[in-house]
Amino acid sequence: MSTDLSKGEHTFKVLLYYMFVPIDDPAMLATEQHDLCSELGLRGRILTSKEGINGTVSGPNDACDAYVAHMHADPRFASMVFKVDPANDHVFRKLFVRVKDELVTFRAADAPPVWECTGQHLSPEEWLEMMQRDDVVILDGRTGYEFDIGHFRGAIRPDVDSFREFPEWIENHLGEDKERPILTYCTGGIRCEKLSGWMLKAGFKNVYQLDGGIVSYGKDPNVLGAKWDGKCYVFDERIAVDINHTDDRKVVGRCHHCGAPTETYRNCINVECNLQHLVCPECEQRMEGACSISCQTAPRRHAPQHPHPYHSSATPTT
Ligand SMILES: [Zn+2]
Ligand SMILES: [Zn+2]
């Protein structure tokens, strides 16, 4: 749902945060988090692990502020950075708190703990300057479908469907030249903490990461999201948010059916397929929300989705 948040009072917030820090008892932390968020009326997804915490929650302003204060009072999370988006309502339907082996599933046996080894952090200003050098590789640390609706200008699209496919893809595509500076970026920064650390361990000499990820880059008053094209895919009901608030911005998403520019992702109406695909308003109507002719006549279909929220302008929604 695209809502104009550029004016008016916002009564809700969305918080995005992570911290890599040794946690002795991730199950106990998960229970505490569940109780705290239930009490405050927050919804969203929180993961705990022996390597730290990763969460994104939505809730009324007061509840979000109370959550941040509570977390900062815990010595383990005293320096945790919260990225904050204004909202008019919850962007999650429920609260999920889970214990995981890893905060982001990487499963690279040779990946070092993030607090021991990770790429050098670049501020948004440093990133903008560095990405315009012609000797650097800009590596998108996300999956293909996230790249397709928006990415940094000149970035490489890794052909991977999940994060754990990265080590193999990198060895095959970038392994030849380990001297060349690599700039990695992802949504909120957490994936690059691991990815850049693994790359250093794998022998890449100059590995950098965008501090705070794309989301922080889009909020930075000095860069205003410059050189970002399209939108940033997010894992909640908003689907994608605006990043580039300059006049120099392109739509890069292309309709799955006809190739026309679009920034709308839809799940295929066929319940068995459910393919998330970019679609333009005309094709969505013509195909009745299906990703293919065969899906159009599938026996089990989702109820029609809400009206097409197509926006071609660069109106900030974050
Ligand atoms: Zn189309
Ligand atoms: Zn389909």
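Per the numbering used here, residue 1254 is the first one in the sequence shown, and the count goes up by one each step. No residue lacks a Cβ here, since even glycine has one placed at the ideal position from N, Cα and C.
- Sequence-distant Cβ neighbours of Gln1286 in its own chain, meaning closer than 7 Å and more than five residues away, are Ile1299, Thr1301, Val1350.
- The beta carbons of Ile1435 and Phe1405 sit about 13 Å from each other, so the pair does not count as a contact at 8 Å.
- Rounded to the nearest angstrom, the gap between the Cα atoms of Arg1360 and Lys1353 is 12 Å.
- Asp1363 is positioned such that its CB atom lies no closer than 8 Å to that of Val1267.
- Ile1522 is classed as buried because its beta carbon has at least 16 other beta carbons within 10 Å across all chains shown.
- In the pairwise beta carbon analysis, the stretch 1469-1489 is classified as touching the stretch 1400-1414: at least three pairs are separated by under 8 Å.
- Judged by DSSP in its simplified three-state form, Cys1485 adopts strand.
- Secondary structure of Thr1284 (DSSP, three-state): helix.
- Counted as a single uninterrupted DSSP element, the alpha helix (DSSP H) harbouring Val1468 occupies residues 1466-1472.
- Rounded to whole angstroms, the gap between the alpha carbons of Pro1377 and Pro1552 is 49 Å.
- DSSP, reduced to helix, strand and coil, places Val1321 within a helical segment of the structure shown.
- In the assembly as shown, Pro1474 is an exposed residue. Its beta-carbon has fewer than 16 other beta-carbons within 10 Å.
- In the DSSP secondary-structure assignment, His1374 is bridged to Gln1462.
- Checking the DSSP bridge columns, you'll see His1530 partnered with Arg1519.
- Ile1423 sits in a helix when the DSSP states are folded into three classes.
- With three or more CB-CB distances shorter than 8 Å, the stretch 1317-1326 counts as touching the stretch 1261-1280.
- Three or more beta-carbon pairs separated by less than 8 Å link the stretch 1302-1310 to the stretch 1275-1282, which places the two stretches in contact.
- Between the stretch 1531-1547 and the stretch 1492-1512 there are three or more C-beta pairs closer than 8 Å, enough to call the two in contact.
- The nearest non-hydrogen atom of ligand 2 is less than 7 Å from the C-beta of Asn1523.
- Under the rule that a run must span 4 or more residues, the alpha helix (DSSP H) segments found entirely inside the stretch 1286-1368 read 1314-1325.
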